[in-house]
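The numbering of the sequence shown is numbering that gives the first Met the number 0, which starts it at 0 and goes up by one.
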Amino acid sequence: MLFFTTLFLLPLLHSASALKTSPRSLRFTKDGSFQICIFEDLHFGEAEDLVWGPQQDVNTTRVMNTVLDNESPQLVVLNGDLITGENTYLSNSTYYVDRIVQPMIQRGLPWASTYGNHDSQFNLSRSGTLAREQRYTNSLTQQMVHTSNAGVTNYYLPVYAANAEPWDCHTIPKLILWFFDSRGGLLFQQSDEDGNDIPQPDWVDETVVDWFTSTKKAMASQWHIASIPSLAFVHIPVDAMLVFQSGPGVEPRREPGINADVPLSQQGKGWASDTQLGSADSYAGQDVPFMGALLDTPGLMGVFNGHDHGDDWCFKWNRKLPGMTLMGNGLNVCFGRHTGYGGYGSWTRGGRQIVVDLEKIKQMQGVETYIRLEDGSESGRVMLNGTYGDDKYPEVSLTYTP
């Protein structure tokens with residue numbers, strides 16, 4: 000039996016937790032801008048019994064504070080792998096949420112999360128993490144799909160004009176933010192008959208695709224509008240990113256960014272079928288329905304993911320890529336920048352920024368995005384517009400921090 004939200008009703012949108020005392024709506028500023036700061040792969044909780052583990056979390060918090068001190072976002076997105084769950088204990092695994100959210104709490108900023116593969120482990124559950132997040136009024140993270148294999152963080156958030164009345168059901172948002180759960184990791188507190196941990200599939204489930212499709216139709220019906228500008232967030236990248244990276248390939252001036260994770264790890268990697276693991280390089284097209292639904296979303300300006308710590312480039316999917324049946328339509332797909340000192344890699348940490356301007360999206364001029372690095376500098380500023388992929392930008396240097 001399928002159970003998910005399909006009709007866009009604002010009272011329902013904000014009913015995710017009784018612990019919240021007041022819902023808050025997202026709005027463009029009076030000057031018509033809306034900025035999102037993305038923190039990817041924070042990986043709190045590694046080696047908590049050793050000196051270097053807690054110090055990593057201190058360093059990660061410092062990165063978050065530096066980025067936020069240099070930016071003025073209206074929303075922070077925690078885009079997966081908040082916690083390295085395999086290193087945590089059952090008794091305290093979700094308590095790391097309290098540390099993670101402090102930079103936003105101190106600044107009065109709202110945040111919204113997707114969960115990654117490290118957020119599901121034997122001692123860490125997605126539902127437990129969500130419950131911990133929802134203790135905070137600033138948290139906008141929700142669960143709108145309740146099928147057994149959906150994961151947790153599948154939902155959307157509307158963004159309104161500065162002077163809009165969001166509680167009026169006839170008020171049309173200026174922007175929709177979609178969040179998807181690519182799952183992965185291990186099933187919580189479950190073992191097979193031999194005592195082995197049970198892996199969880201690592202792609203967006205088809206029941207979520209069904210919800211996405213039906214919700215888009217409900218929005219169009221309610222608002223009598225063919226499309227609304229939108230952005231999407233998911234932790235694990237889709238297969239199109241791997242295919243593009245493999246050939247045609249990332250061109251440093253047309254797709255500026257670091258490209259150090261080669262080959263990248265896409266949704267479905269290592270699975271021979273929907274239920275059976277395969278070799279390390281197995282892939283059976285499990286994310287094709289999700290990719291098709293993304294391409295079939297008028298107004299979707301960009302999809303943002305993490306997972307591969309050594310990549311932070313964007314590409315315009317505007318062609319049929321080698322070996323794929325789907326035809327690209329100009330959708331922009333981007334990596335963020337590894338934010339955490341936990342997890343692998345020592346590339347300079349930071350956070351991707353997205354700046355949406357109402358006038359520019361009205362004129363279909365795209366959105367601006369760049370990386371704010373932990374030293375306060377900026378990297379890889381581009382416009383995700385109609386000519387992205389043809390325009391030339393300065394190359395991004397490959398730099399490291401200990």
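C-beta: ideal position from N, C-alpha, C; glycine also.
Less than 9 Å separates the beta-carbon of Arg61 from that of Glu373. Cβ contact annotation for Ala161 (same chain, cutoff 8 Å, sequence separation greater than five): Arg26, Phe27, Thr28, Lys29 and Gly31, in chain order. The beta-carbon distance between Trp222 and Ile171, rounded to whole angstroms, is 5 Å. This is short enough to meet the 8 Å contact definition. Per DSSP, reduced to three states, the secondary structure at Tyr95 is helical.
Membership of Ala225 in any beta strand (DSSP E) is not indicated, and neither H nor E is assigned to it by DSSP.
Counted as a single uninterrupted DSSP element, the alpha helix (DSSP H) harbouring Ala292 occupies residues Val287 to Leu294. Membership of Ile104 in the alpha helix (DSSP H) is indicated by the continuous run Gln101 to Arg106.
No Cβ-Cβ contact shorter than 9 Å links Ser245 with His306. Per DSSP, reduced to three states, the secondary structure at Pro198 is strand.
Distance from Tyr114 to Thr59 at the Cβ level is roughly 17 Å; contact not present, criterion being Cβ atoms closer than 8 Å. The DSSP-derived three-state label of Gln73 is coil.
Here Met300 is actually not in contact with Ala239; their C-beta atoms are around 16 Å apart, not less than 8 Å. Using a C-beta cut-off of 8 Å, the stretch 86–106 makes contact with the stretch 116–133, since at least three inter-stretch Cβ pairs fall below that distance. Contact annotation: Tyr399 and Asn331 have beta-carbon atoms that are not nearer than 9 Å. The shortest C-alpha to C-alpha distance from Thr296 to any of Lys215, Ile353 and Trp202 is the one to Lys215.
For Gly349, the pairing in a beta bridge is given by DSSP as Leu372. The C-alpha of Pro236 lies about 16 Å from the C-alpha of Met323. Counting along the chain, Leu186 sits inside no alpha helix (DSSP H); it lies in the beta strand (DSSP E) bounded by residues Leu185 to Ser190. The residues Ser181, Asp201, Trp202, Val203, Ile235, Pro236, Val237, Asp238, Gln285, Asp286 and Phe289, in chain order, have a CB closer than 8 Å to that of Gln266 in the same chain once the five nearest residues on each side in sequence are set aside. Taking C-beta separations shorter than 6 Å and ignoring five residues to either side along the sequence, the partners of Gly365 in its chain run Met382, Leu383 and Asn384, following chain order. The beta carbons of Thr206 and Asn148 sit about 7 Å from each other, so the pair counts as a contact at 8 Å. As DSSP reads the structure, Gly301 sits in a beta bridge with Leu230. Per the C-alpha coordinates, the member of Arg106, Leu293, Gly150 and Trp166 positioned closest to Asn137 is Arg106. Secondary structure of Ile257 (DSSP, three-state): coil. Pairwise C-beta distances place the stretch 302–319 out of contact with the stretch 268–283, as fewer than three of them are shorter than 8 Å. Measuring C-alpha to C-alpha distances from His337 to each of Thr274, Ala271 and Gly256 identifies Gly256 as the nearest. Collapsing the DSSP output to three states places Trp51 in a helix.
Per the DSSP secondary-structure output, Ala111 pairs in a beta bridge with Val76.
Shown here for Gly327: same chain residues with a beta carbon closer than 6 Å to its own, the five before and five after excluded, namely Trp316, Asn317 and Arg318 in chain order. Judged by DSSP in its simplified three-state form, Asn86 adopts helix. One thing to note: Cys36 has its Cβ within 9 Å of the Cβ of Arg351. Excluding five sequence positions before and after Ser272, the CB atoms of its chain that fall closer than 8 Å to its own CB belong to Ala283, given in chain order.
With fewer than 16 neighbouring CB atoms inside 10 Å of its own CB, Met363 falls in the exposed class. If the five residues before and after Phe179 are omitted, its C-beta is found closer than 8 Å to the C-beta atoms of Thr113, Thr152, Asn153, Val203, Val207, Phe211, Ala231, Phe232, Val233 and Phe289, all from its own chain and listed in chain order. In the three-state scheme derived from DSSP, where H, G and I count as helix and E and B as strand, His117 is classed as helix.
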